[in-house]
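What follows is a short report on a single structure.
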Amino acid sequence: MSAAAGPVEAPRAAVQRWTRVSAGFSSGFLGVIALMALVPVALGGNTVQEMTTLLTFVLMAVMWNALAGYGGLVSVGLQAYIGLGAYATVWLASHSVSPYLAMVIATLFCGAVSVPLSFLVLRFRGAQFAIGTWVVAEAIGIYVSFDSSLGAGTGTSLTQLDAYSQGPRENYTYWMTLGMTVFFVGALFVLLRSRLGSSLQAIRDDEEAAASVGVRVVAGKRVLFILAGLGCGAAGAMTLANILFIEPTSIFSVNYSAYMIFMVLVGGLGTFEGPIIGAIIFYVIQNQFSSNGTWYLVALGATAIAFALFLPRGLWGELEARTGIRFMPLGYRLRASKAPPLRDGAGGGAGP
Amino acid sequence: MTWINDIVQGITLGGFYGLLACGLALMFGLMRIINLAHGDIAVLGAYLVFLLLEHWHVSPFIGILPVLPVMLLLGYLLQRTMLERSLRSGLLVPLLTTFGLSIVIQNLLEQGFSPDVRSLGENAGSIATSSWQITSKLSISTIGALTLGVAIVIFGSLQWFLSRTQPGRQMRATAQDPDTAELVGIDSRAVYGWATAIAVAIAAVAGMFLAIRSTFFPYAGPDNLIFAFEAVVIGGLGSSLWGALLGGIVLGVAQTIGGQINPEYSILAGHLVFLLVLASPRGGLLTLGAGGIARVRSARGVSA
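Given below as structure tokens:
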């Protein structure tokens, strides 16, 4: 707090967006993406399929975090889009659309569906929103399971992909998933750096206060809601391409929400990088322990509770808070040429 | 005439949904918490009764009696160990922790009791199967009438407890303003603890009726949570306790009529009525109805 009386010489400070750390980290990030594009060439086989799974987890976690971490909207219903994205792909492919093109159109379809839905559910907050979206997902799931042309309750598969032999098919699916994931994570990044991004972070921190200074809260949330619809639709289409067979109860399963919540809570709710870290952790845990069945799920639930109660910022948020380092250039920082008085700036805490 | 029969069946089914929704409405009305593990807690109650009847050959209506104090205690502990801390961390955290709890309960139940689908219908004897034939096309099942009767008694006593007794007044006072309630000597944490204890115990009663009327299995919780929540929202989201029962009846009637058109449509019809109510301008049948559990709190955390 500046308690000094009288005229104070304004501290010369520069508003700074990029730091050396964030520039280094961002280019490292791009480097990793470039390396990941080479995975099919370098590793091949089973690894490609595994990495595709990991990428769909990353995409789901980032989308759930976009809603909850920036919009303050805890959804238990994003599986609606995962299921819709998968089933729309099946439907389009059976109407002689090339399967990979069908995945893109299915993604757009999910975005289109989320527009009218947003008018229904965005009137609500907290639990009403959470369960409202869940009921929508259940209703869509039941509706799809009535449709015998989509295999009804017993499920269906994307037979059109049989036109490709297994190796190239897995590679195409992987590249497509990588492209989708990078696109949506990038879209969120661009969104958060825009003017809208600042208002979204204001909504996250205090919705009433944000509204009182003129932030268009509902419009901001709607953008996130539609983005999440698109992203989860893509994740659903890519899940289908990866596992080839789906049934309504599993692809519309609320377990997807449980996984997303786990990934984001462990990684860091409301941080950009956290969900990606959380998805990697979840992927490793699932590979190691999911054969333990129920105990594995008990531990998953208990870990989510523990993080929500005792480490609400998650691993990444905690790391950022302890070190004061911002790895991605999302906020603004004030770099003072003289010492204090400095108040906490918009994205960055006071540096050491 | 079949329509009248459907509506009557729907009303008795609604009694069950009301019972399921009662604890959820109580917790939402008093603390603004939606307990996403509520359905699983009801199923846990059903399993505890089941466990008792394995060793002790009595009717489930007797078997529930020793389960109730256990559930009261579990509810109190749930509030004091987990929800209290969640409540202090904002609106999102209770949703996340109770969702985590829901997964933990489901999987512990599967670990302990296997994924088999079970029912307590046989243990309840003729109550579960008999019905009153009123005309050739209109009959009321005994268990349906009993569920509705028990629901009315529980809602009535809870309303009486909240409005007429000293602990009930303390609950309403705490709901309106916990800090001021503390000033006049109310231990608001303990009061919330007892509110959750009551909610959990009533959920166990609902779980017992679920087990007698139909079947239960470790993952039956989420569906029941959704029905309970739909009942609460249709009834005006905790603005009145009786609203939850009315909401349950609307949901029950919608499901029975939907099921009459095509058995597959039963649950979908319930979801559609719920979504229609959500889309309606007031967002609930009894929103801002008179009375209420406690007048809707305007701003939480004035004191922060």
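Chains as they are written, first to last, in our numbering: chain A, 1 to 352; chain B, 1 to 304. Using N, Cα and C, we set each Cβ at its ideal position, and we do this for glycine too.
In this structure, B:A211 is the residue among B:H55, B:Y219, B:A211 with its C-alpha nearest to the C-alpha of B:A124.
According to the DSSP assignment, A:Q166 belongs to the alpha helix (DSSP H) that extends over 166-193. Nearest Cα to A:S199 within the set A:V115, A:R222, A:M180: A:R222. Within the stretch 308-326 of chain A, the residues whose Cβ lies closer than 8 Å to any Cβ of chain B are, in chain order, A308, L309, P312.
The continuous stretches of beta strand (DSSP E) do not include B:W194, which lies in the alpha helix (DSSP H) extending over residues 188-213. Taking a beta-carbon distance threshold of 8 Å, B:N107 counts as an interface residue toward chain A.
One thing to note: B:G247 has its Cβ within 8 Å of the Cβ of B:I234. Taking A:C110 as reference, the option from A:A219, A:V215, A:T89 with the minimal CA-CA separation is A:T89. Among the CB atoms of chain A, one or more fall inside 8 Å of the CB of B:P222. Secondary structure of B:W56 (DSSP, three-state): coil. Looking at the backbone, the Cα of B:G39 and that of B:T165 are separated by about 29 Å. For A:S27, the uninterrupted alpha helix (DSSP H) segment begins and ends at 20-37.
Scanning chain B for C-beta atoms nearer than 7 Å to the C-beta of A:E138 yields I226, H271, reported in chain order.
DSSP places A:R216 outside both helix and strand once states are collapsed to three, so it counts as coil. Below the 7 Å Cβ cutoff, chain B contributes no neighbours of A:V113, its closest Cβ being approximately 14 Å away. B:I226 sits close to A:V135, with the two beta carbons spaced by under 8 Å. Residue-level contact check: B:F229 touches chain A, since one or more beta carbons of chain A fall below 8 Å from its beta carbon.
Contact of B:I267 with chain A by beta-carbon distance below 7 Å involves I142. Sequence-distant partners of B:F274 (beyond 5 residues in either direction) whose C-beta falls short of 8 Å from its own C-beta, in its chain, are E230, V233, I234, L251.
Taking the C-beta atoms as reference points, A:L150 is found nearer than 8 Å to A:T156. Closest in alpha carbon position to A:A302, among B:L26, B:L68, B:N5, B:Q106, is B:Q106. Nearest to A:Y81 by alpha-carbon distance, out of A:L309, A:A234, A:F282, A:S250, is A:A234.
By the Cβ test, the stretch 183-193 of chain B is not in contact with the stretch 9-23 of chain B, since fewer than three Cβ pairs between them sit closer than 8 Å.
At a Cβ-Cβ threshold of 8 Å, A:V217 and A:A209 do not count as neighbours.
Listed along chain B, the residues sitting closer than 7 Å to A:W134 by beta-carbon distance are I226.
Counting along the chain, A:I131 sits inside the alpha helix (DSSP H) bounded by residues 126-146.
The beta-carbon of B:E84 is placed no less than 8 Å from the nearest beta-carbon of chain A. When DSSP states are grouped into helix, strand and coil, B:S141 belongs to the strand group. Each residue's CA atom was taken as its position, placing B:A181 and B:Q159 some 20 Å apart. B:G63 counts as buried, since at least 16 other C-beta atoms from the protein chains shown sit within 10 angstroms of its C-beta. Sixteen is the threshold: since fewer than 16 other Cβ atoms of the shown chains lie within 10 Å of the Cβ of B:V153, the residue is exposed. Distance from the CA of B:T142 to the CA of B:F209, rounded to the nearest whole angstrom, comes to 12 Å. Secondary structure within the stretch 14-63 of chain B: the alpha helix (DSSP H) runs of 4 or more consecutive residues, fully enclosed, are 38-55 (chain order).
At the C-beta level, B:L68 and B:A204 come within 8 Å of one another. Contact between A:A102 and A:A112 is ruled out by a C-beta separation of about 15 Å, above the 8 Å threshold. For A:F119, the three-state secondary structure derived from DSSP is helix.
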